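Numbering (the numbering used here), first residue to last: 105 to 291. We put the beta carbon where it would ideally sit given N, CA and C, even for glycine. Bear in mind that the values here come from a model prediction, so they are computed numbers and not experimental data.
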Ligand code: AMP
């Protein structure tokens, strides 16, 4: 099939049935804000992704291995026509483009992109679990998510993001300071 025709079909599919997706963003190596900005800019260049809104970026304490630098974290809401696995492949590719190096699990990373929510999909697969299983325990996810869409109802918890945030125990991963908005515009 002609490539312009394929592009048109893809575009109309995207326009007719985009899925609302929330991605987690994190970085704790090198130019952290720069890595997050680059990842957002790469997402923005993808044909089948439209950035809807971006949370504030906050500085947070590491979990897992404590002997590593502070993280910057945020959440971005996108609309996409990509399947969950194509989206996973896309974000893994963006991580490599931004310069993520292979290191220990839970360890430092130039950039980390996670699929938190993909519409109302519930998926358990060896390569992909949606909603992201840890998101409900992480203040550094729920807080920026809540800034974008506090009334979003989590597909398996039957609670809103605001409710999940309010019911977190006080000792759940502290935030250290709120930071600036990112540079990528969503206009
Ligand atoms: P990470 O170390 O966070 O980059 O993730 C490592 C692996 O987790 C990925 O290569 C995925 O196969 C897997 N994974 C499972 N569920 C998810 C999800 N919801 N979002 C991103 N990665 C996931």
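Among 243, 241, 224 and 242, the one whose alpha carbon lies nearest that of residue 234: Looking up residue 234 in the chain shown gives position 130. Residue 234 has its Cα closest to that of 224, out of 243, 241, 224 and 242.
Residues of its chain near residue 126, where Cβ-Cβ distance is below 7 angstroms and the 5 sequence neighbours each way are ignored: Start at 1 with the first residue of the chain shown, and residue 126 comes out as number 22. These residues qualify, in order along the chain: 179, 181, 220, 221 and 249.
Residues sharing a beta bridge with residue 125, DSSP: In the chain shown, the residue the question calls residue 125 occupies position 21. BP columns for residue 125 point to 182 and 222.
Cβ contact (3+ pairs, closer than 8 angstroms) linking the stretch 187-204 and the stretch 134-150: yes
Nearest candidate by alpha-carbon position, reference residue 128, set 134, 193 and 217: Against the chain shown, residue 128 aligns to sequence position 24. It is 217 whose Cα lies nearest to the Cα of residue 128.
Residue 155 versus residue 203 - alpha carbon distance: Mapped onto the chain shown, residue 155 falls at position 51. Mapped onto the chain shown, residue 203 falls at position 99. One C-alpha to the other measures close to 22 angstroms.
Endpoints, beta strand (DSSP E) assigned at residue 187: Locating residue 187 in the chain shown gives position 83, counting from the first residue. Counting along the chain, residue 187 falls outside any beta strand (DSSP E), and DSSP gives it neither H nor E.
Element boundaries [alpha helix (DSSP H), containing residue 250]: As a first step, residue 250 is located in the chain shown; it is residue number 146 there, counting from the start. Residue 250 -> alpha helix (DSSP H) spans 243-252.
Cα-Cα separation between residue 205 and residue 212, rounded to whole angstroms: For the purposes of this step, residue 205 is identified with residue 101 of the chain shown, where counting begins at 1. For the purposes of this step, residue 212 is identified with residue 108 of the chain shown, where counting begins at 1. Their Cα atoms are separated by approximately 9 angstroms.
Same chain only: Cβ atoms within 7 angstroms of residue 172, ignoring 5 sequence neighbours per side: Working through the chain shown from its first residue, we reach residue 172 at position 68. So the list reads 132, 166, 211 and 212, once near-sequence residues are dropped.
Coarse secondary structure for residue 156, derived from DSSP in three states: As a position in the chain shown, residue 156 is number 52, starting the count at 1. If DSSP states are grouped into helix, strand and coil, residue 156 belongs with the strands.
When 252, 261, 273 and 266 are compared against residue 158, the one with the closest alpha-carbon: As a position in the chain shown, residue 158 is number 54, starting the count at 1. Minimum Cα distance to residue 158 is reached at 252.
Endpoints, alpha helix (DSSP H) assigned at residue 269: Working through the chain shown from its first residue, we reach residue 269 at position 165. 265-270 is the span of the alpha helix (DSSP H), which, as asked, contains residue 269.
beta-carbon residue 233 near the ligand AMP non-hydrogen atom, thresh 8 angstroms: Working through the chain shown from its first residue, we reach residue 233 at position 129. Yes, Cβ of residue 233 sits closer than 8 angstroms to a heavy atom of the ligand AMP.
Distance, residue 193 Cα to residue 231 Cα: Taking the chain shown and counting its residues from 1, one reaches residue 231 at position 127. Taking the chain shown and counting its residues from 1, one reaches residue 193 at position 89. Rounded to the nearest angstrom, the two C-alpha atoms are 11 angstroms apart.
Secondary structure of residue 150, DSSP reduced to three states: On the chain shown, residue 150 is found 46 positions in, with the first residue counted as 1. Three-state result, residue 150: coil.
Backbone CA spacing between residue 263 and residue 240 [nearest angstrom]: Here the question's residue 263 lines up with position 159 in the chain shown. Here the question's residue 240 lines up with position 136 in the chain shown. Approximately 10 angstroms, taken between the alpha carbons.
Heavy atom of the ligand AMP within 8 angstroms of residue 266 beta-carbon: Position 162 of the chain shown, counted from the start, is the residue given in the question as residue 266. Residue 266 Cβ: outside cutoff for every heavy atom of the ligand AMP.
Backbone secondary structure at residue 238 - three-state DSSP: Counting from 1 along the chain shown, the entry for residue 238 is found at position 134. The answer is coil: DSSP assigns residue 238 none of H, G, I, E or B.
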